[in-house]
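Here full-length UniProt numbering is used: the first residue of the sequence shown is 1, the next is one more, and so on. Every residue, glycine too, gets a C-beta built ideally from N, C-alpha and C. These numbers come from a predicted model, not from an experiment. What follows is a single structure, written as structure tokens, with notes after it.
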Amino acid sequence: MGGCVGSHHDSSGSLNENSDGTGVALGRNQPLKRDKPKWKSDYPMTDGQLRSKRDEFWDTAPAFEGRKEIWDALKAAAHAFESGDHELAQAIIDGASITLPHGALTECYDELGNRYQVPIYCLAPPVNTIEEKSELGELDARDVPEPPPPDSGQECLLRLRLSSGRDLRLPVRSTDSVLHMKLRLQAQEGVAAAAQRWFFSGRPLTDRMSLEELHISWDYVVQVIVSQPRPAPPRRTPRPWRTSAPYRPGRGKTAGPRGSGF
């Protein structure tokens with residue numbers, strides 16, 4: 001996870017010494033490199049897991065010793081960089097007076113000399129990304145866990161953050177499984193349970209896990225990635241066969257008067 005360490009610049013633009021007394025041998029500011037970093041996750045990661053991991057970092061990054069406006073600029077630059085808009089990413093970096101000693105967002109400094117580190121997973125997906133599959137869609141009716149008794153467990157409000165950016169609180173019971181909480185969200189918000197992917201602290205939550213097992217505090221956020229169905233390709237209307245026009249005598253020619261010999 002990224003962080004921030006105090007340091008300072010000299011008049012030449014080079015970095016001198018960190019607050020802990022360790023020397024930093026870095027050169028001048030360099031432009032942002034266009035090449036995207038390649039990395040492999042310790043475990044195969046879905047797109048939803050990656051987004052959840054990124055959201056967790058950006059939500060907690062301002063808690064480090066850096067400045068919030070710099071973290072916001074780095075987040076915008078990282079998004080532009082991954083989207084392939086290198087010019088916009090560079091413009092954001094220049095506008096925030098951020099220095100890149102190595103030409104990468106993985107280590108950068110603001111104009112006060114504070115050090116910022118953006119983790120590599122915020123800049124590019126891993127090479128071992130896997131496709132998300134609907135766990136609910138693969139369940140047989142016999143495999144769906146039995147719902148808990150209506151009055152079992154303790155009632156509470158679970159804080160959710162949808163992939164659309166909307167936050168809400170869902171009334172659940174401590175004995176609910178993740179699957180039944182998905183069904184509660186479907187009943188409350190109309191989001192199909194099969195389209196929901198739940199993540200907490202960067203790890204996916206399986207349908208059979210119960211809320212009691214997860215030990216989620218009331219002020220923690222569960223990420224819910226909603227998969228949008230892929231639009232069906234437009235149907236191509238077959239073009240009618242072109243038929244040749246019927247032959248019409250004299251069409252395209254000028255006929256002479258009768259008896260003229262033409």
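With a threshold of 7 angstroms on Cβ separation, who are the neighbours of Pro31 within its own chain once the five nearest residues in sequence on each side are excluded? Excluding positions up to five away in sequence, the list reads Gln90, Gly103.
Would Arg184 and Leu168 qualify as a contact pair, given that the criterion is a beta-carbon distance under 7 angstroms? Using a Cβ distance threshold of 7 angstroms, Arg184 and Leu168 do not count as a contacting pair.
Which residues does DSSP list as the beta-bridge partners of Asp167? In the DSSP secondary-structure assignment, Asp167 is bridged to Arg161.
So which of His86, Leu211, Thr60 has the shortest CA-CA distance to His180? With respect to the C-alpha of His180, the residue from His86, Leu211, Thr60 having the closest C-alpha is Leu211.
Identify, in the order they occur along the chain, each residue of the same chain with its Cβ nearer than 8 angstroms to the Cβ of Ala192, setting aside the five sequence neighbours on each side. Within the same chain, Cβ atoms closer than 8 angstroms to the Cβ of Ala192 are found at Gln186, the five residues on either side in sequence being excluded.
Where do the N-terminal and C-terminal ends of the alpha helix (DSSP H) with Gln49 fall, by residue? 47-60 is the extent of the alpha helix (DSSP H) around Gln49.
Whole-angstrom Cβ separation of Tyr220 and Arg159, contact assumed at under 8 angstroms? About 7 angstroms separates the beta carbons of Tyr220 and Arg159, which is inside the 8 angstroms limit, making them a contact pair.
Per DSSP, which one or two residues make a beta bridge with Ser210? Beta-bridge pairing links Ser210 to Ser177.
Using three-state DSSP, classify Trp71 as helix, strand or coil. Reduced to three states, the DSSP call for Trp71 is helix.
Taking its Cβ as the centre, do 16 or more other Cβ atoms sit within 10 Å of Asp42, making it buried, or is it exposed? By the neighbour-count rule (16 or more Cβ atoms within 10 Å), Asp42 is not buried but exposed.
Which residues in the same chain as Cys156 place their Cβ atom closer than 7 angstroms to its Cβ, once the five residues preceding and following it in sequence are excluded? Excluding five sequence positions before and after Cys156, the CB atoms of its chain that fall closer than 7 angstroms to its own CB belong to Val172, Ser174, Trp218, given in chain order.
Taking Gln90 as part of the alpha helix (DSSP H), name the residues at either end of that continuous run. It spans 86-95 - the alpha helix (DSSP H) in which Gln90 sits, taken as one unbroken run.
Contact between the segment 40-54 and the segment 105-113 is defined here as three or more beta-carbon pairs at a separation below 8 angstroms; is this criterion met? The segment 40-54 makes no contact with the segment 105-113, as fewer than three CB pairs between them are under 8 angstroms.
What does the alpha-carbon distance come out to for the pair Met209 and Ile120? Between the alpha carbons of Met209 and Ile120 lies a gap of roughly 30 angstroms.
Rounded to a whole number of angstroms, what is the C-alpha to C-alpha distance between Trp93 and Phe200? Per the sequence shown, residue 93 should be read as Ile rather than Trp. Their Cα atoms are separated by approximately 31 angstroms.
By Cβ distance below 7 angstroms, which residues in the same chain neighbour Pro126 in space, the five residues on each side in sequence not counted? Result list for Pro126: Trp39, Lys40, Ser41, Met45, in chain order.
Reference Leu50, options Ser163, Lys36, Gly190, Ala96, closest by Cα: Nearest neighbour of Leu50 by Cα position, chosen from Ser163, Lys36, Gly190, Ala96, turns out to be Ser163.
State yes or no: is the C-beta of Leu100 within less than 7 angstroms of the C-beta of Ala78? No. Outside cutoff.
When the Cα atoms are used, what is the spatial distance from Ala124 to Ser52? C-alpha separation (whole angstroms): 14 angstroms.
In this structure, how does DSSP classify Gln188 when only helix, strand and coil are distinguished? Of the three classes helix, strand and coil, the one that applies to Gln188 here is helix, per DSSP.
Only counting the same chain, and skipping five residues up and downstream in sequence, which positions put a Cβ closer than 8 angstroms to that of Val226? Within the same chain, Cβ atoms closer than 8 angstroms to the Cβ of Val226 are found at Leu162, Ser163, Ser164, Val191, Ala195, Gln196, Arg197, the five residues on either side in sequence being excluded.
Assuming the contact rule is C-beta atoms closer than 8 angstroms, Arg54 and Cys122 should be a hit. Round their C-beta distance to whole Å, please. By a beta-carbon distance limit of 8 angstroms, Arg54 contacts Cys122. Their separation comes to about 5 angstroms.
Within the continuous beta strand (DSSP E) that includes Gln196, where are the two ends? Segment 196-200, the beta strand (DSSP E) holding Gln196.
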